[in-house]
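Letter by letter, the sequence shown follows residues 1 to 170 of full-length UniProt numbering. Encoded as structure tokens, the structure appears first; notes follow it.
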Amino acid sequence: MRLPSSTMPHLLRFARPLARLSSNPPISFLRTLATATPSNRLKTASPSKPTARKTTPQSYPSSPEIPSISSPLPPPSKTPEEILASGTPYLVRRTPYAQLPVYRRWRGGGTLEEVIVKKIEGDRKALANELREILGCDPTHVKINPTTTHIEVKGDHYDRTRSWLIQKGF
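Structural data, given as structure tokens:
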């Protein structure tokens, strides 16, 4: 039994656009029909929002005593015993894949960058103080996380921190 079209006007609204389609409609149009509400089916998609991440990183003055590192990462130049014998009160161990445990973290929607140094043994305060001096940071920008005991440095200091650790022999 077939009902007259006047009793189902709400169903005809959906059938009419599909009847006008060619035999191979674009997939994006079908997705729009499947996911959109009836009131906005024929509207075009709005452009996506721009990301909040910085497009130009903040630059810091280069230090002549910290050379820049090109990839790949060189192996440690000193053994842990040699580093401790030289009077350094701390040790930064490498990861199982022989990489430095220095990581970037973005916060605040991608507008704030932090550098995290992990796998520290020994005097963490001495390492934090040396990082403050070498990087030229404000003392409030270098802190030791009391829970994880990692050193967190605010700002884009990733390359300079890695270069300095490699220069120290880690």
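Glycine residues also receive a C-beta, built at the ideal position from the N, C-alpha and C atoms.
- In its chain, beyond the 5 residues on either side, Y90, V92, V117, I120 and I151 have a beta carbon closer than 8 Å to the beta carbon of L127.
- Around G122, the same chain offers P89, Y90 and L91 as residues with beta carbons nearer than 7 Å, after the five sequence neighbours per side are excluded.
- Taking the Cα of H141 as reference, the smallest distance to any Cα among T149, T148, P76 and H157 is reached at H157.
- If you look at L112, you'll find it in the beta strand (DSSP E) that goes L112 to V117.
- Residue state for R93 is assigned as coil, using DSSP reduced to three classes.
- Secondary structure note for K143: its beta strand (DSSP E) is the uninterrupted segment V142 to I144.
- DSSP places K125 in the helix class (H, G or I) of the three-state scheme.
- Its chain contains E114 and H141 as the residues whose beta carbon lies nearer than 6 Å to that of K154, once the 5 sequence neighbours on both sides are disregarded; these appear in chain order.
- Beta bridge pairing from DSSP links R107 with L112.
- In the assembly as shown, L112 is an exposed residue. Its beta-carbon has fewer than 16 other beta-carbons within 10 Å.
- DSSP, reduced to helix, strand and coil, places K154 within a strand of the structure shown.
- Nearest Cα to L73 within the set G87, R132, R105 and Y97: Y97.
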